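Engineer: Questions regarding the structure given below will be posed in turn.
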Amino acid sequence: MRYHLWMLLLVMASVASAYPFSGDNGQLNCTVFDSFKAPFTTGDINYPKNVMLCLDTGLRYPNGSYADMSGVRYNLVDRNDRVYDLNSRLSRDVQTGRRILVFVVPKEALPKRLMADPRASPEGGQLFSVELGDLANVSDQNLTLLYYGIAGSRFEPLTKSITLEVGVINRDNSVLPVFASNFTMVDQWNWSYGGSGFTSRQLQFNESLRTGVDFVPVSPYSRPVRLIYDNLGQPMVIEIDQGCLAVAAGTNEAASGPACCSKKSAAEENPNSVKAKVAAAKERLSQVRSDQNLTSG
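Below, the structure is given as structure tokens:
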């Protein structure tokens, strides 16, 4: 029993930090609130190999007021240290100081750093960067689970679909079967959605899989907060949205936008504790299996 609890603690412990990320030069502060991918289908000869990597970005002065982003030059650095120029034609202004920055990158590229150069802008100032954190992952003695981000979203009149890009590496000598149904997405209200959308794979030792997992249909107001992988009955959890987790834990320090979950009273167990996460993950996996049995029955 103690061994299993120790392993669950290990699985929960290695999650990387989540958005948002910020950087500044003392005169301007740049925050990357989130990132997502979108298809690149403009007729470019390389479009089947490329995607639009979009960064939801805000620029502020030290006093908190919004700064004009038009004069700031941006570059993206990936984890292979390749540098990409901003595609100004595809990028979109949301409001003063808020912009969706678009970089056309290979499908496999992973963002590492956003470079902001305000030297040509009216504000001036030195070049600075926003570090985009480590790739979110959890591991145990059998496998490594990786979360690359949101790979797509599509809206219908009453519902939507969400595609999360994930990876699995088999660390065990035995063959590891991976099914879309192994994955569960949990939204900000702790509602669980089962995965679908890819053909099952049999991973050999040290073999890896990187794929999109579809969650459909999803409520139009749901957003991913937690990704759960059913590892032979033991849940592996990656926290996607730390803002919602902070509100669930009874603090607004890391939350952005409207409250994601109801605050709990002090007498109730902290839902962000390891014990609560493991219990909730097991309950959700059980519910997803029950729903799938009803669907197939």
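The sequence shown begins at 11 in the numbering used here and counts up one residue at a time.
Where a beta carbon is used, it is the ideal one built from N, C-alpha and C, also for glycine.
Keep in mind the model is a prediction, meaning the values are calculated, not measured.
If contact is defined by three or more beta carbon pairs under 8 Å, each pair taking one atom from either stretch, is the region 69-86 in contact with the region 121-139?
Structural biologist: Yes: at least three Cβ pairs fall under 8 Å.
Engineer: DSSP three-state label for Glu-279, please.
Structural biologist: Position 269 of the sequence shown, counted from the first residue, corresponds to residue 279. Note that Glu-279 has pLDDT 46, beneath the 50 cutoff, so the model's placement of it is unreliable and no number is given.
Engineer: Using a threshold of 7 Å, state whether the C-beta atoms of Gln-212 and Val-185 are closer than that.
Structural biologist: As a position in the sequence shown, residue 212 is number 202, starting the count at 1. As a position in the sequence shown, residue 185 is number 175, starting the count at 1. Yes. Within cutoff.
Engineer: Under a three-way DSSP split, which group does Asn-152 fall into?
Structural biologist: The count along the sequence shown starts at 1 and reaches residue 152 at position 142. The answer is coil: DSSP assigns Asn-152 none of H, G, I, E or B.
Engineer: Compute the distance between the beta-carbons of Val-42 and Phe-31, then report whether it is under 7 Å.
Structural biologist: Numbered from 1 along the sequence shown, position 32 holds the residue referred to as residue 42. Numbered from 1 along the sequence shown, position 21 holds the residue referred to as residue 31. Result yes, Cβ atoms of Val-42 and Phe-31 sit closer than 7 Å.
Engineer: So Pro-230 packs on Lys-170, CB below 8 Å; how close in whole Å?
Structural biologist: Position 220 of the sequence shown holds residue 230. Position 160 of the sequence shown holds residue 170. So it is a contact: roughly 5 Å between Cβ atoms.
Engineer: By the three-class DSSP mapping on this structure, what secondary structure does Lys-47 have?
Structural biologist: For this step, residue 47 is matched to residue 37 along the sequence shown. Reduced to three states, the DSSP call for Lys-47 is strand.
Engineer: With a cut-off of 8 Å on the beta carbons, I'd call Val-87 and Lys-122 a contact; round off their distance for me.
Structural biologist: The count along the sequence shown starts at 1 and reaches residue 87 at position 77. The count along the sequence shown starts at 1 and reaches residue 122 at position 112. At roughly 5 Å, the Cβ-Cβ gap stays under 8 Å, so Val-87 and Lys-122 are in contact.
Engineer: Output the distance between the C-alpha atoms of Asn-241 and Asp-103, rounded to the nearest integer angstrom.
Structural biologist: The sequence position of residue 241 within the sequence shown is 231, counting from 1. The sequence position of residue 103 within the sequence shown is 93, counting from 1. Computed Cα separation, rounded: 42 Å.
Engineer: I'd like to know whether the C-beta atoms of Asn-35 and Gly-135 end up nearer to each other than 7 Å.
Structural biologist: The residue labelled residue 35 in the question sits at position 25 within the sequence shown. The residue labelled residue 135 in the question sits at position 125 within the sequence shown. Yes, the Cβ-Cβ distance between Asn-35 and Gly-135 is below 7 Å.
Engineer: Select from Ile-238, Tyr-158, Leu-69, Asp-251 the residue whose C-alpha is nearest the C-alpha of Gln-198.
Structural biologist: Stepping through the sequence shown from its first residue, residue 198 is reached at position 188. Closest option to Gln-198, Cα to Cα, is Asp-251.
Engineer: Here's the rule: buried if 16 or more other CB atoms are within 10 angstroms of the residue's CB, otherwise exposed. What is Gly-243?
Structural biologist: What you label residue 243 is simply residue 233 of the sequence shown in a count that begins at 1. Exposed is the call here.
Engineer: Can you look up Pro-58 in the DSSP assignment and give me helix, strand or coil?
Structural biologist: Numbered from 1 along the sequence shown, position 48 holds the residue referred to as residue 58. The answer is helix: DSSP assigns Pro-58 an H, G or I state.
Engineer: Just checking my contact of Lys-47 with Gly-162 at CB under 8 Å: how many whole Å lie between their CB atoms?
Structural biologist: Against the sequence shown, residue 47 aligns to sequence position 37. Against the sequence shown, residue 162 aligns to sequence position 152. Confirmed, about 7 Å.
Engineer: Would you report the Cα separation of Pro-245 and Leu-156, rounded to the nearest angstrom?
Structural biologist: As a first step, residue 245 is located in the sequence shown; it is residue number 235 there, counting from the start. As a first step, residue 156 is located in the sequence shown; it is residue number 146 there, counting from the start. C-alpha separation (whole angstroms): 14 Å.
Engineer: Would you call Phe-215 buried or exposed, if buried means 16 or more other Cβ atoms sit within 10 Å of its Cβ?
Structural biologist: Taking the first residue of the sequence shown as position 1, residue 215 is located at position 205. Its Cβ having fewer than 16 others within 10 Å, Phe-215 is exposed.
Engineer: When burial is assigned at 16 or more other CB atoms within 10 Å of the CB, is Ser-210 buried or exposed?
Structural biologist: Taking the first residue of the sequence shown as position 1, residue 210 is located at position 200. It counts as exposed.
Engineer: Following the continuous beta strand (DSSP E) through Val-122, name the residue where it begins and the one where it ends.
Structural biologist: Start at 1 with the first residue of the sequence shown, and residue 122 comes out as number 112. According to the sequence as given, residue 122 is Lys; it is not Val. First-last of the beta strand (DSSP E) with Lys-122: 121-127.
Engineer: In or out: Phe-165 buried (at least 16 other Cβ within 10 Å) or exposed?
Structural biologist: Taking the first residue of the sequence shown as 1, we reach residue 165 at position 155. Result: exposed.
Engineer: In the DSSP assignment, find the beta strand (DSSP E) that holds Glu-234 and state where it starts and stops.
Structural biologist: Position 224 of the sequence shown holds residue 234. For clarity, residue 234 is Pro in the given sequence; the question names Glu instead. Counting along the chain, the beta strand (DSSP E) containing Pro-234 begins and ends at 234-241.
Engineer: For Val-140, I'd like the list of residues in its chain whose CB is within less than 6 Å of its CB, leaving aside the five on either flank, ordered along the chain.
Structural biologist: The residue you call residue 140 lines up with position 130 of the sequence shown. Counting only Cβ-Cβ distances below 6 Å, and skipping sequence neighbours, we find Phe-31, Gly-33, Cys-40, Val-42, Leu-124.
Engineer: Is any beta-carbon of chain D found at less than 7 Å from that of Tyr-203?
Structural biologist: Checking the listed chains, one finds no chain D in this structure; it contains a single protein chain.
Engineer: Output the residue ranges of the alpha helix (DSSP H) runs that lie fully inside the region 176-212 and measure 4 residues or longer, sorted by chain position.
Structural biologist: Those alpha helix (DSSP H) runs which fall completely within the region 176-212 and span 4+ residues do not exist here.
Engineer: Going along the chain, which residues of its own chain have a beta-carbon closer than 7 Å to the beta-carbon of Gly-68, five neighbours each way excluded?
Structural biologist: Looking up residue 68 in the sequence shown gives position 58. Same-chain partners within the cutoff: Thr-41, Phe-43, Gly-107, Arg-108.
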